[in-house]
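Residue numbers (this note's numbering), protein chains in the order written: chain A, -3 to 264; chain B, 40 to 326.
Virtual Cβ for every residue (Gly too), placed ideally from N, Cα, C.
Below is one structure, written out as structure tokens; comments come after it.
In structure tokens form, the structure reads like this:
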């Protein structure tokens, strides 16, 4: 009972975005897809969400042939980088969208839908903002509306594309902790894409480091710090952890320098 | 100590007052000369011999037939162009395909080609001496010098209006919201009616209004395919010309007034909508 991705490949015209990616994510885990831009991490996420089609490969989730399901039947809660909120709808209608478009037989009653919306608004700490429009919200608030909208469909998994990419540093830190605690409460299998190694190492149970359409290493943050499998991993993780030149090549010699985030916490 | 005179400095973007006045005067003068004067003349000429004469000119059978034909033509051409325009802008804005730029250029052809040429094309295809002429005659189908030809020419000339309005907006909005809708379980129709259409409704309405104004006012292309049969294939603009050439100035200007009024109504409608829904229109662009 987990997410199993087997040799998924995808090319755009002549550019190979994914060159045969395989990974296994245990159910309920919080996994980061980390890599520089163009490494194929967003493509992999979009394939999981059904917004892009794999050329070859197989994905199984919960005994489901995942790629055979059309996007609208996957119930993959996708949170877009720019949130993609429906700009002409109130926050409440945005969140209720996934319920409102269900076929009549499976659609909850109107009262049930509005009850669920209230619940979700409370969950993402936006009580009382249901009547606002997305343009009247701050970036962090929009982000949480997008999350509530994705959670409304009772998703099988949660897919987050650069969830903090469009936010400023302060909001980013707060939301990060909040998201982690939310994950612990909901227990949904969650994959998120990021190019920020600090974010990935701090948040995720497992980090898949991607480069040029391939996975370089999948490991827990502690393992990654202790023993990067390839020079690329060591180099990529090194960037954010210290100044240039203190990237240890010998994996076992010294423990990795503390990531900046921990320093930041100490200061705060 | 000598007092230093305080000169209030002009903001760097502030022009000299003289420049402001000159520019405003030129603009107002231009509008008055080229827009208001002709419009006033049209109404003044129509009413030169009193209301009664103008009214008679409008209810006279040939004029009435022309008004009817114009309305029918617009009623067919505008909805069709709304659908064509939507489909074209959808394809261009939301999909990537080979030959997309060529398609964008093709959409502009009716704007760049002289309307007379547009009309001639249809005569060459459907006319008696045209490619399909013999076949059409054998099957007793009349296209040129009849309603179908007039509708075809009108559709051709007014095709770009809706698409031109929608393509930039839809390209700007991208396909994120549609993708979000699908990932939340919406069907294609649901996505279109709940997400896409509400996001473009004002631009669509504006495009339809412009399309309608042109459909009713088109002269050149329609003139070529119509055959100018009084009471049968004369639209309003053609009727105006016929009357004018017959020295029936009151009649010509009376019908022209109706056309001008339609244009004014279109403009007022558009302004009212823009004013009434300013917030929503602003929200329709990227936030």
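Partner residues on chain A for residue i, Cβ-Cβ distance less than 7 Å
i, result
"residue 237 (chain B)", "84"
"residue 315 (chain B)", "The contacting residues do not exist; residue 315 (chain B) stays about 15 Å from chain A at best."
"residue 53 (chain B)", "The premise fails here: residue 53 (chain B) is roughly 32 Å from chain A at the closest Cβ pair, so nothing lies under 7 Å."
Short CB-CB distance (under 9 Å) between residue i and chain B
i, result
"residue 46 (chain A)", "yes"
"residue 81 (chain A)", "yes"
"residue 211 (chain A)", "no"
"residue 76 (chain A)", "yes"
"residue 145 (chain A)", "yes"
"residue 71 (chain A)", "yes"
"residue 148 (chain A)", "yes"
"residue 94 (chain A)", "yes"
"residue 7 (chain A)", "no"
Three-way DSSP call (helix, strand, coil) for residue i in this model
i, result
"residue 77 (chain A)", "coil"
"residue 310 (chain B)", "helix"
"residue 269 (chain B)", "coil"
"residue 166 (chain B)", "coil"
"residue 222 (chain A)", "helix"
"residue 101 (chain A)", "coil"
"residue 86 (chain A)", "coil"
"residue 211 (chain B)", "helix"
"residue 209 (chain A)", "coil"
"residue 38 (chain A)", "helix"
"residue 182 (chain B)", "coil"
"residue 73 (chain B)", "helix"
"residue 203 (chain B)", "helix"
"residue 5 (chain A)", "strand"
"residue 234 (chain A)", "helix"
"residue 59 (chain B)", "helix"
"residue 162 (chain A)", "coil"
"residue 127 (chain A)", "coil"
"residue 191 (chain A)", "coil"
"residue 157 (chain B)", "helix"
"residue 225 (chain B)", "coil"
Chain A residues whose Cβ lies nearer than 8 Å to that of residue i
i, result
"residue 74 (chain B)", "Residues of chain A passing the Cβ test: none, with the nearest at roughly 35 Å."
"residue 226 (chain B)", "68, 97"
Within-9 Å CB hit, residue i to chain A
i, result
"residue 223 (chain B)", "yes"
"residue 128 (chain B)", "no"
"residue 312 (chain B)", "no"
"residue 220 (chain B)", "yes"
"residue 211 (chain B)", "no"
"residue 204 (chain B)", "no"
"residue 30 (chain B)", "This structure cannot settle anything about residue 30 (chain B), because the visible part of chain B is limited to 40 through 326."
"residue 216 (chain B)", "yes"
"residue 234 (chain B)", "yes"
Residue i burial status per 10 Å Cβ neighbour count (16 or more: buried)
i, result
"residue 315 (chain B)", "exposed"
"residue 246 (chain A)", "Note that residue 246 (chain A) scores a pLDDT of 42, beneath 50, so its modelled location is shaky; the value from the coordinates is reported in the next line. Burial call: exposed."
"residue 37 (chain A)", "buried"
"residue 198 (chain A)", "buried"
"residue 76 (chain B)", "exposed"
"residue 145 (chain B)", "exposed"
"residue 8 (chain A)", "exposed"
"residue 127 (chain A)", "exposed"
"residue 203 (chain B)", "buried"
"residue 58 (chain B)", "exposed"
"residue 147 (chain A)", "buried"
"residue 239 (chain B)", "buried"
"residue 237 (chain A)", "Note on residue 237 (chain A): pLDDT 46, under 50, position unreliable in the model; the coordinate value appears next. So residue 237 (chain A) counts as buried."
"residue 140 (chain B)", "exposed"
"residue 157 (chain A)", "buried"
"residue 51 (chain B)", "exposed"
"residue 108 (chain A)", "exposed"
Check: residue i C-beta below 8 Å from any heavy atom of the ligand PLP
i, result
"residue 112 (chain B)", "Judged by which ligands are present, the structure shown has none, so any question about the ligand PLP falls away."
Any contact between the stretch 217 to 236 of chain B and the stretch 151 to 159 of chain B? By contact I mean 3 or more CB pairs, one from each, below 8 Å.
no
Mind the definition here: the stretch 171 to 178 of chain B touches the stretch 278 to 290 of chain B only if three or more C-beta pairs lie below 8 Å; say whether that holds.
no
Is the number of C-beta pairs between the stretch 183 to 193 of chain A and the stretch 4 to 13 of chain A that are closer than 8 Å three or more?
The stretch 183 to 193 of chain A is not in contact with the stretch 4 to 13 of chain A.
Does the pairing of the stretch 296 to 305 of chain B with the stretch 247 to 254 of chain B give three or more beta-carbon distances under 8 Å?
Touching, yes, given that three or more Cβ pairs across the two stretches are closer than 8 Å.
Would you check if the stretch 174 to 185 of chain A and the stretch 206 to 214 of chain A touch, i.e. whether three or more CB-CB distances between them fall below 8 Å?
Contact between the stretch 206 to 214 of chain A and the stretch 174 to 185 of chain A is absent: fewer than three C-beta pairs spanning the two stretches fall below 8 Å.
Would you check if the stretch 180 to 191 of chain B and the stretch 280 to 296 of chain B touch, i.e. whether three or more CB-CB distances between them fall below 8 Å?
no
Three or more C-beta pairs below 8 Å linking the stretch 72 to 92 of chain A and the stretch 210 to 227 of chain B:
yes
Touching or not, the stretch 103 to 120 of chain A and the stretch 131 to 147 of chain A, by the rule of three or more beta carbon pairs under 8 Å?
yes
Within the chosen definition, does the stretch 64 to 71 of chain A reach the stretch 219 to 230 of chain B through at least 3 CB pairs nearer than 8 Å?
yes
At least 3 beta-carbon pairs within less than 8 Å: the stretch 78 to 88 of chain B vs the stretch 164 to 171 of chain B:
no
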